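Student: Residue numbers (the numbering used here), protein chains in the order written: chain A, 30 to 327; chain B, 16 to 176. We put the beta carbon where it would ideally sit given N, CA and C, even for glycine. Owing to the predicted nature of the structure, the values given are computational and were not obtained by experimental measurement. My questions all concern the structure below.
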Amino acid sequence: MQVPAQFDYEVATSVEEAIELLQRHGPEARLLAGGHSLIPMMKLRLAFPEVLIDIHELDGDLRFVREDDGTLRVGALARHKDLLESPVVRERYTLLADAEKFIADPLVRNMGTVGGSFAHADPSEDLPAAFVALGAEVVVRGPNGERTIAVEDLATGPFETAIEPDEILTEARVPRAPHGSSYFKVERRAGDYASAALGVALWMNEEEIEDARIGMCGVGSTTLRAREAEEVLRGQKPDEELYKRAAERAAQECDPPDDARGTPEYKRDLVRVLVVRAMEQAVSRARGGTEDRTADGR
Amino acid sequence: MRIQVNVNGEMREADVEPRLLLVHFIRDTLGLTGTHWGCDTSNCGACTVHLDGEPVKSCTVLAVRANGHEVTTIEGVTPGADLSLLQQGFREEHGLQCGFCTPGMIMTATALLERTPRPTEDEIREAISGNLCRCTGYQYIIKSIEWAAKHGAPTRVEVMP
Ligand SMILES: Cc1cc2nc3c(=O)[nH]c(=O)nc-3n(C[C@H](O)[C@H](O)[C@H](O)COP(=O)(O)OP(=O)(O)OC[C@H]3O[C@@H](n4cnc5c(N)ncnc54)[C@H](O)[C@@H]3O)c2cc1C
Ligand code: FES
Ligand code: FES
Numbered sequence: 030m031q032v033p034a035q036f037d038y039e040v041a042t043s044v045e046e047a048i049e050l051l052q053r054h055g056p057e058a059r060l061l062a063g064g065h066s067l068i069p070m071m072k073l074r075l076a077f078p079e080v081l082i083d084i085h086e087l088d089g090d091l092r093f094v095r096e097d098d099g100t101l102r103v104g105a106l107a108r109h110k111d112l113l114e115s116p117v118v119r120e121r122y123t124l125l126a127d128a129e130k131f132i133a134d135p136l137v138r139n140m141g142t143v144g145g146s147f148a149h150a151d152p153s154e155d156l157p158a159a160f161v162a163l164g165a166e167v168v169v170r171g172p173n174g175e176r177t178i179a180v181e182d183l184a185t186g187p188f189e190t191a192i193e194p195d196e197i198l199t200e201a202r203v204p205r206a207p208h209g210s211s212y213f214k215v216e217r218r219a220g221d222y223a224s225a226a227l228g229v230a231l232w233m234n235e236e237e238i239e240d241a242r243i244g245m246c247g248v249g250s251t252t253l254r255a256r257e258a259e260e261v262l263r264g265q266k267p268d269e270e271l272y273k274r275a276a277e278r279a280a281q282e283c284d285p286p287d288d289a290r291g292t293p294e295y296k297r298d299l300v301r302v303l304v305v306r307a308m309e310q311a312v313s314r315a316r317g318g319t320e321d322r323t324a325d326g327r
Numbered sequence: 016m017r018i019q020v021n022v023n024g025e026m027r028e029a030d031v032e033p034r035l036l037l038v039h040f041i042r043d044t045l046g047l048t049g050t051h052w053g054c055d056t057s058n059c060g061a062c063t064v065h066l067d068g069e070p071v072k073s074c075t076v077l078a079v080r081a082n083g084h085e086v087t088t089i090e091g092v093t094p095g096a097d098l099s100l101l102q103q104g105f106r107e108e109h110g111l112q113c114g115f116c117t118p119g120m121i122m123t124a125t126a127l128l129e130r131t132p133r134p135t136e137d138e139i140r141e142a143i144s145g146n147l148c149r150c151t152g153y154q155y156i157i158k159s160i161e162w163a164a165k166h167g168a169p170t171r172v173e174v175m176p
């Protein structure tokens with residue numbers, strides 16, 4: 030039987046109280062959101078927080094998915110299923126819904142939160158990669174007020190972030206909707222973390238790619254942005270040859286770990302294939318295509 | 016810590032350690048052993064219960080998290096000595112062999128039919144994708160849920176206090 034080590038438990042009733050409790054208990058305290066990353070790690074005794082500060086009662090403040098003046102705002106306590114079911118996400122930020130279909134299973138998606146996905150900073154976590162493609166930032170609040178961090182700068186190492194121990198992540202913001210986007214993942218079995226996964230967001234200018242961003246997970250020690258591959262795409266007319274050149278560049282930009290989910294060479298090959306698939310679909314969506322995905326793309 | 020949880024319509028109170036998992040609170044503290052405990056690694060779904068009406072894996076939730084909330088277990092969707100329509104479906108369509116996964120499957124399927132009374136096969140497959148079965152190969156479980164949907168699946172059963 031797996032049981033966490035002992036800890037003290039507090040329930041925060043406001044964001045301010047959560048910050049106060051984090052300050053009072055110091056760096057050995059941790060926030061508890063959905064608990065679906067932290068509790069398994071505590072059961073395996075890979076994490077031993079002395080105090081858990083449960084923030085689930087902040088749903089009223091921090092559970093939302095909405096568009097305000099062209100900015101998508103996703104509260105830290107939005108559950109995976111809230112993103113998956115959001116009409117605005119499905120229509121305008123489609124890669125987030127694509128990614129959600131691959132995250133765990135419906136039971137986990139009822140509990141796991143968007144904020145927890147960012148703060149946990151597992152290099153294989155899907156949502157940070159999808160939000161990197163969207164050029165998103167997160168808002169964190171601490172004793173000295175609020176600041177924003179670009180999602181691509183959030184993870185500083187595996188399971189490490191730029192969030193201070195007395196700060197709470199309150200929301201993620203996407204400044205502009207892409208014209209087309211797509212997320213693909215290869216997993217060993219349904220609901221598993223990625224062997225390799227990536228998201229593409231595109232902004233088109235007539236027939237040319239005005240801007241493209243690619244976020245990848247499972248293929249480095251943090252979530253990665255494929256900047257050189259993006260450079261290959263920018264200002265070009267989309268076609269298969271171009272996708273392949275970008276894919277090759279992206280494969281060189283990653284540094285996949287050798288682990289049970291595959292060898293580095295295998296994962297690089299996956300990146301080569303997934304960039305092409307994601308580009309094809311994102312371009313087709315940007316042109317108004319609504320065709321369903323193939324079986325393996327779900 | 017003292018907690019109060021509405022379990023199957025009844026207010027239950029207990030003193031628990033914060034590290035106690037909801038599945039052990041349900042099985043050991045309350046003696047409701049219908050909820051099964053399988054993998055312990057958040058993968059199998061045998062421990063599925065409803066927390067405020069949503070199916071969740073109770074091995075990955077702290078009992079203290081349920082303080083002041085509503086929990087429904089397999090005992091809460093089963094009408095006394097009778098079988099619920101979903102249970103009848105599992106009997107008619109051979110939806111179980113060893114039965115270990117069945118309480119979790121039924122909790123997940125109950126939530127599905129509450130939201131989507133006539134699900135497609137794909138919707139059923141997606142809904143139960145977090146519940147593992149080592150015996151049936153799933154086909155008969157899907158048929159069982161379809162049977163219940165066809166016969167107008169009931170949802171939550173009123174539990175006598
Ligand atoms: C069986 C299983 C399969 C999974 N498969 C996948 C998968 O395929 N892909 C994937 O991406 N994920 C997967 N996950 C992880 C899932 O997405 C988690 O729910 C999510 O990563 C963490 O969210 P949480 O709310 O559960 O976080 P918690 O476990 O509550 O917290 C995680 C960490 O973040 C911190 N934290 C939480 N909220 C905040 C906040 N607002 N501000 C600051 N710090 C905070 C906590 O202190 C903790 O350190 C899986 C999980 C399980 C159990
Ligand atoms: S015991 Fe909870 S998921 Fe297996
Ligand atoms: S019937 Fe045996 S595990 Fe499903």
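Quick check: the segment 195-205 of chain A against the segment 215-226 of chain A, are there 3 or more CB pairs under 8 Å?
Tutor: At 8 Å Cβ cutoff, the stretches do not touch.
Student: Contact between the segment 108-121 of chain B and the segment 144-163 of chain B is defined here as three or more beta-carbon pairs at a separation below 8 Å; is this criterion met?
Tutor: Counting Cβ pairs under 8 Å, three or more are found: they touch.
Student: Mind pulling the chain A residues with CB within less than 8 Å of glycine 145 of chain B?
Tutor: The count along the second sequence starts at 1 and reaches residue 145 of chain B at position 130. Correct list: Ala133, Asp134, Pro135, Leu136, Val137 and Gly220.
Student: Which class does alanine 230 of chain A belong to by DSSP, given the choice of helix, strand or coil?
Tutor: On the first sequence, position 201 is the one that residue 230 of chain A refers to. In this structure, alanine 230 of chain A counts as strand in the three-state DSSP scheme.
Student: Indicate whether the contact test is met: 3 or more Cβ pairs, each with one atom in the segment 47-60 of chain A and one in the segment 79-91 of chain A, closer than 8 Å.
Tutor: Result yes; three or more Cβ-Cβ pairs closer than 8 Å.
Student: Listed in chain order, which residues of the segment 49-74 of chain B have Cβ atoms closer than 9 Å to some Cβ of chain A?
Tutor: If the cut-off is 9 Å between Cβ atoms, the segment 49-74 of chain B has Trp52, Asp55, Thr56, Ser57, Asn58, Gly60, Thr63, Leu66, Glu69, Pro70, Val71, Lys72 and Cys74 near chain A.
Student: Write down every uninterrupted run of the alpha helix (DSSP H) in the segment 286-315 of chain A whose length is 4 residues or greater and which is fully enclosed by it, in chain order.
Tutor: Runs found: 293-315.
Student: Let's test the definition: count the other Cβ atoms within 10 Å of the Cβ of glycine 209 of chain A and tell me whether it reaches 16, buried, or not, exposed.
Tutor: Taking the first residue of the first sequence as position 1, residue 209 of chain A is located at position 180. It counts as buried.
Student: Excluding sequence positions up to five away, which residues of its chain have a Cβ less than 6 Å from the Cβ of proline 285 of chain A?
Tutor: On the first sequence, residue 285 of chain A is found 256 positions in, with the first residue counted as 1. So the qualifying residues of the chain are Val248, Pro293 and Lys296.
Student: Just the chain A side, please: which residues come within less than 8 Å of glutamate 141 of chain B by C-beta, in chain order?
Tutor: Numbered from 1 along the second sequence, position 126 holds the residue referred to as residue 141 of chain B. Simply Pro135.
Student: Please report how far the alpha carbon of threonine 44 of chain B lies from the alpha carbon of arginine 242 of chain A, in whole angstroms.
Tutor: The sequence position of residue 44 of chain B within the second sequence is 29, counting from 1. The sequence position of residue 242 of chain A within the first sequence is 213, counting from 1. Spanning the two alpha carbons is a distance of roughly 52 Å.
Student: Compute the Euclidean distance between the alpha carbons of serine 146 of chain A and methionine 70 of chain A, then round it to the nearest angstrom.
Tutor: By one-based count along the first sequence, residue 146 of chain A stands at place 117. By one-based count along the first sequence, residue 70 of chain A stands at place 41. If you take the alpha carbons of serine 146 of chain A and methionine 70 of chain A, they lie about 14 Å apart.
Student: Please state whether DSSP places threonine 252 of chain A in a helix, a strand or coil.
Tutor: Locating residue 252 of chain A in the first sequence gives position 223, counting from the first residue. Note: threonine 252 of chain A maps to coil in three-state DSSP.
Student: Going along chain A in order, which residues have a C-beta closer than 7 Å to the C-beta of proline 94 of chain B?
Tutor: As a working note, residue 94 of chain B is residue 79 in the second sequence. The contacting residues do not exist; proline 94 of chain B stays about 24 Å from chain A at best.
Student: With a cut-off of 7 Å, give the chain-ordered residues whose Cβ is closer than this to any heavy atom of ligand 3.
Tutor: Result: B/Leu111, B/Gln112, B/Cys113, B/Gly114, B/Phe115, B/Cys116, B/Thr117, B/Cys148, B/Arg149, B/Cys150 and B/Thr151.
Student: When the Cβ atoms of the segment 131-149 of chain B are set against those of the segment 116-123 of chain B, are three or more pairs found closer than 8 Å?
Tutor: These segments touch.
Student: Does the distance from the C-beta atom of leucine 77 of chain B to that of alanine 163 of chain B stay below 7 Å?
Tutor: Translated into positions along the second sequence, residue 77 of chain B becomes position 62. Translated into positions along the second sequence, residue 163 of chain B becomes position 148. No. Outside cutoff.
Student: How about serine 57 of chain B: is its Cβ closer than 6 Å to a heavy atom in ligand 2?
Tutor: For this step, residue 57 of chain B is matched to residue 42 along the second sequence. Serine 57 of chain B: yes, Cβ under 6 Å from ligand 2.
Student: How would you label methionine 140 of chain A, buried or exposed, when you count the other beta carbons within 10 angstroms and need 16 or more for buried?
Tutor: Mapped onto the first sequence, residue 140 of chain A falls at position 111. It counts as buried.
Student: Using a C-beta to C-beta distance shorter than 8 Å, which residues of chain B count as neighbours of glycine 64 of chain A?
Tutor: Numbered from its first residue, the first sequence carries residue 64 of chain A at position 35. Result: Thr75, Val76, Leu77 and Arg80.
Student: Let me know the secondary structure DSSP gives alanine 223 of chain A once reduced to three states.
Tutor: If you number the first sequence from 1, residue 223 of chain A lands on position 194. Of the three classes helix, strand and coil, the one that applies to alanine 223 of chain A here is strand, per DSSP.
Student: Rounded to a whole number of angstroms, what is the C-alpha to C-alpha distance between threonine 50 of chain B and threonine 63 of chain B?
Tutor: If you number the second sequence from 1, residue 50 of chain B lands on position 35. If you number the second sequence from 1, residue 63 of chain B lands on position 48. Cα to Cα, the separation comes out at about 7 Å.
Student: For the putative contact between threonine 190 of chain A and alanine 148 of chain A, defined by C-beta atoms under 8 Å, what is the C-beta separation to the nearest angstrom?
Tutor: Taking the first sequence and counting its residues from 1, one reaches residue 190 of chain A at position 161. Taking the first sequence and counting its residues from 1, one reaches residue 148 of chain A at position 119. That pair is a contact at about 6 Å.
Student: Run the CB neighbour count on alanine 324 of chain A, radius 10 Å, all protein chains shown included, and call it buried at 16 or more, exposed below.
Tutor: Counted from its first residue, the first sequence places residue 324 of chain A at position 295. For alanine 324 of chain A, the pLDDT reaches just 42, beneath the cut-off of 50, and the residue's location in the model is therefore unreliable, leaving the point undetermined.
Student: Suppose you measure from the CA of aspartate 111 of chain A to the CA of proline 70 of chain B; what does that come to, to the nearest Å?
Tutor: Taking the first sequence and counting its residues from 1, the one referred to as residue 111 of chain A is at position 82. Taking the second sequence and counting its residues from 1, the one referred to as residue 70 of chain B is at position 55. Each residue's Cα considered, the two are about 15 Å apart.
Student: If I measure Cβ to Cβ from alanine 280 of chain A and keep anything under 6 Å in the same chain, skipping five residues before and after, which residues do I get?
Tutor: Along the first sequence, one-based indexing puts residue 280 of chain A at 251. The residues are Arg297, Val300 and Arg301.
Student: Interface residues of chain B around tyrosine 38 of chain A at Cβ under 8 Å?
Tutor: As a working note, residue 38 of chain A is residue 9 in the first sequence. Under the 8 Å cutoff, chain B gives Met16, Pro33, Leu77 and Val79.
Student: Here's the rule I'm using: 16 or more other beta-carbon atoms within 10 Å means buried, otherwise exposed. How should valine 38 of chain B be labelled?
Tutor: In the second sequence, residue 38 of chain B corresponds to position 23, counting from 1. Burial call: buried.
Student: What residues from the segment 114-140 of chain B come within 8 Å of chain A, judged by C-beta to C-beta, listed N to C?
Tutor: Within the segment 114-140 of chain B, the qualifying residues are Thr123.
Student: Along the beta strand (DSSP E) that carries serine 146 of chain A, what are the first and last residues, could you check?
Tutor: Taking the first sequence and counting its residues from 1, the one referred to as residue 146 of chain A is at position 117. Note, serine 146 of chain A: premise wrong, no beta strand (DSSP E); alpha helix (DSSP H) at 143-149.
Student: To the nearest angstrom, how far is the alpha carbon of glycine 60 of chain B from that of alanine 142 of chain B?
Tutor: Numbered from its first residue, the second sequence carries residue 60 of chain B at position 45. Numbered from its first residue, the second sequence carries residue 142 of chain B at position 127. One C-alpha to the other measures close to 11 Å.
Student: Out of B/His84, B/Met16, B/Lys165 and B/Gly104, which has the shortest C-alpha to C-alpha gap to threonine 135 of chain B?
Tutor: By one-based count along the second sequence, residue 135 of chain B stands at place 120. Answer by Cα proximity: B/Lys165.
Student: Shorter than 7 Å from the beta carbon of isoleucine 68 of chain A to some beta carbon of chain B?
Tutor: By one-based count along the first sequence, residue 68 of chain A stands at place 39. Closer than 7 Å: yes.
Student: Under the three-state reduction of DSSP, which class applies to glutamate 62 of chain A: helix, strand or coil?
Tutor: As a working mapping, residue 62 of chain A is identified with position 33 in the first sequence. Residue 62 of chain A is actually alanine in this sequence, not glutamate. Note: alanine 62 of chain A maps to coil in three-state DSSP.
Student: Kindly confirm or deny that the segment 39-56 of chain A and the segment 83-95 of chain A touch, where touching means at least three C-beta pairs closer than 8 Å.
Tutor: Counting Cβ pairs under 8 Å, three or more are found: they touch.
Student: Mind checking lysine 8 of chain B: buried by the 16 CB within 10 Å criterion, or exposed?
Tutor: A question about residue 8 of chain B goes unanswered here, because the residues of chain B that appear run from 16 up to 176.
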